[in-house]
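Numbering (the working numbering), first residue to last: 513 to 843. A virtual CB, placed ideally from N, CA and C, is assigned to each residue, including glycine. Report on the following structure.
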Ligand SMILES: C[S@@+](CC[C@H](N)C(=O)[O-])C[C@H]1O[C@@H](n2cnc3c(N)ncnc32)[C@H](O)[C@@H]1O
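As structure tokens, this is what we get:
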């Protein structure tokens with residue numbers, strides 16, 4: 513239930529807004545879409561590929577699944593804790609797609625692991641061939657992964673399945689990758705070029721669809737794809753499917769977020785610039801102090817020389833008189 517606030521609690525919506533992460537990225541936001549799936553299909557077994565913190569895994573059991581196989585080769589501590597607290601969740605510390613044939617056939621496959629063509633295509637090919645009654649829900653079917661591969665572990669892929677990649681990231685503000693874009697910060701890299709064949713998640717899903725399997729795209733939070741042969745389910749997803757409103761909100765969200773990334777990048781660059789200017793100024797100040805000390809020493813030395821000079825001059829002034837005296841005495 514949405515909280516729109518009341519006359520006596522007018523800040524409820526703003527409170528809710530500041531409690532959500534600045535960048536929504538998790539499938540946990542799609543609970544109501546999973547509710548639609550569960551309302552149309554008996555979902556007892558779920559295979560969840562790409563689990564991260566485990567904040568979505570519990571939703572599948574809350575909605576009625578008896579077993580969820582949580583596949584993630586790099587489980588975090590919070591994922592281990594979430595799984596330890598729910599006996600219906602089973603951690604599978606392996607990589608998809610290799611592990612899929614070794615798990616029970618599921619009613620629902622949630623594919624949100626390595627977002628590149630080769631991985632997603634192999635996952636979906638296996639699901640469509642071996643679980644003909646299943647529903648597959650894929651995350652990141654839209655920007656930035658729709659037409660551009662992302663690689664968590666490119667070294668696991670055959671060379672012909674990898675595009676040249678970069679640690680720079682995409683932005684909504686131009687077509688090239690940039691250091692100020694949506695970067696993986698060591699977790700993943702991006703294909704240098706977008707588009708073409710065998711590149712991106714949406715391209716993989718399009719190429720995998722056969723035999724009456726259809727794709728419904730929900731254009732929110734990096735895009736969710738529901739792949740099913742169930743016409744009634746596709747019909748029930750109609751309010752979300754290709755929603756122009758969601759698409760507009762999503763485009764605005766990625767534009768705002770990548771503008772924020774650019775501003776952060778610029779702020780860090782300015783701060784680094786200011787730091788280096790401060791260091792230069794401090795160095796110049798130290799040099800000025802050293803020169804001032806040197807000048808004071810030289811001034812003191814000059815004063816001393818001046819005094820010595822005065823003394824010598826005084827002695828010299830005395831000398832001609834005594835010479836004259838000696839000359840006078842001789843006469
Ligand atoms: C985007 S996160 C998943 C987020 C999660 N589904 C959610 O919505 O909150 C991607 C996860 O996929 C995992 N991953 C990467 N490659 C994988 C693979 N080949 N098989 C399974 N998981 C993979 C990563 O370790 C990471 O935890």
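For this session: Please indicate yes or no: does the CB of residue 567 lie closer than 8 Å to some heavy atom of ligand 1?
Result: On the chain shown, position 55 is the one that residue 567 refers to. Indeed, a heavy atom of ligand 1 lies less than 8 Å from the Cβ.
Exercise. Do the CB positions of residue 678 and residue 703 come within less than 9 Å of each other?
Worked result: What you label residue 678 is simply residue 166 of the chain shown in a count that begins at 1. What you label residue 703 is simply residue 191 of the chain shown in a count that begins at 1. In this structure, residue 703 lies closer than 9 Å to residue 678 by Cβ.
Exercise. Can you tell me where the beta strand (DSSP E) with residue 648 in it begins and where it stops?
Worked result: Numbered from 1 along the chain shown, position 136 holds the residue referred to as residue 648. Looking at the DSSP string, the run of the beta strand (DSSP E) that includes residue 648 is 647-651.
For this session: Under 7 Å Cβ to Cβ from residue 720, same chain only, skipping five residues before and after it: list those, please.
Result: Here residue 720 refers to the residue found at position 208 of the chain shown. Shown here for residue 720: same chain residues with a beta carbon closer than 7 Å to its own, the five before and five after excluded, namely 633, 636, 637 and 640 in chain order.
Problem set entry | Per DSSP, cross-strand counterpart(s) of residue 528 | The count along the chain shown starts at 1 and reaches residue 528 at position 16. None; residue 528 has no bridge partner.
Problem set entry | According to DSSP, residues forming a beta bridge with residue 681 | Along the chain shown, one-based indexing puts residue 681 at 169. Beta-bridge pairing links residue 681 to 690.
Exercise. Could you give the uninterrupted runs of the beta strand (DSSP E) lying entirely in the region 543-586, keeping only those of 3 residues or more?
Worked result: 557-561 and 579-583
For this session: Report whether the distance from the Cβ of residue 457 to the nearest heavy atom of ligand 1 is below 8 Å.
Result: There is no way to answer for residue 457, as the model of the chain reaches only from 513 to 843.
Problem set entry | Proximity test, residue 852 beta-carbon vs ligand 1 heavy atom, cut-off 8 Å | Since the displayed the chain opens at 513 and closes at 843, residue 852 lies outside it and no answer follows.
Exercise. For residue 629, does the three-state DSSP call read helix, strand or coil?
Worked result: Working through the chain shown from its first residue, we reach residue 629 at position 117. Correct three-state label for residue 629: helix.
Exercise. Excluding the five sequence neighbours on either side, which residues of its own chain have a C-beta within less than 7 Å of the C-beta of residue 658, listed in chain order?
Worked result: As a working note, residue 658 is residue 146 in the chain shown. Only 712, 713, 714 and 735 meet the Cβ criterion.
For this session: Measure the beta-carbon distance from residue 651 to residue 757 and round it to whole angstroms, keeping in mind my assumption that it falls under 8 Å.
Result: Residue mapping note: residue 651 aligns to position 139 of the chain shown, counting from 1. Residue mapping note: residue 757 aligns to position 245 of the chain shown, counting from 1. That belief does not hold up - the Cβ atoms of residue 651 and residue 757 are roughly 20 Å apart, past 8 Å.
For this session: Along the beta strand (DSSP E) that carries residue 730, what are the first and last residues, could you check?
Result: Working through the chain shown from its first residue, we reach residue 730 at position 218. Per DSSP, residue 730 belongs to the beta strand (DSSP E) from 726-730.
Problem set entry | Which of helix, strand or coil DSSP assigns to residue 776 | Mapped onto the chain shown, residue 776 falls at position 264. Here residue 776 sits in helix by DSSP.
Exercise. Is residue 592 near ligand 3, in the sense that its beta carbon is under 8 Å from a heavy atom of that ligand?
Worked result: Absence of ligand 3 from the depicted structure is noted, with ligand 1 being the only ligands included.
Exercise. Count the other CB atoms within 10 Å of the CB of residue 671; is the residue buried (16 or more) or exposed (fewer)?
Worked result: In the chain shown, counting from the first residue as 1, residue 671 sits at position 159. By the neighbour-count rule (16 or more Cβ atoms within 10 Å), residue 671 is not buried but exposed.
For this session: Give, in chain order, every unbroken run of the alpha helix (DSSP H) that is at least 4 residues long and sits entirely within the region 702-728.
Result: 713-720
Exercise. In terms of residues, what are the limits of the beta strand (DSSP E) holding residue 669?
Worked result: By 1-based counting over the chain shown, the position of residue 669 is 157. Looking at the DSSP string, residue 669 is not in any beta strand (DSSP E), and its letter there is neither H nor E.
For this session: State buried or exposed for residue 558, treating a residue as buried only when at least 16 other CB atoms are found within 10 Å of its CB.
Result: Taking the first residue of the chain shown as position 1, residue 558 is located at position 46. Result: buried.
For this session: Keeping to the same chain, check which residues put their C-beta closer than 6 Å to that of residue 740; ignore five residues upstream and five downstream.
Result: Working through the chain shown from its first residue, we reach residue 740 at position 228. Here the set comprises 647.
Exercise. Should residue 674 be labelled buried (16 or more other beta-carbon atoms within 10 Å of its own) or exposed?
Worked result: For the purposes of this step, residue 674 is taken as the residue at position 162 of the chain shown. Label assigned to residue 674: buried.
Problem set entry | Span separating the alpha-carbon of residue 628 from that of residue 662 | The sequence position of residue 628 within the chain shown is 116, counting from 1. The sequence position of residue 662 within the chain shown is 150, counting from 1. Straight-line Cα distance between these residues: approximately 5 Å.
For this session: Locate the beta strand (DSSP E) running through residue 746, then write down its first and last residues.
Result: Translated into the one-based positions of the chain shown, residue 746 becomes position 234. Premise fails: residue 746 lies in the alpha helix (DSSP H), 743-748, not in any beta strand (DSSP E).
Problem set entry | When 773, 811 and 742 are compared against residue 619, the one with the closest alpha-carbon | Reading the chain shown from its first residue, position 107 is the one you call residue 619. It is 742.
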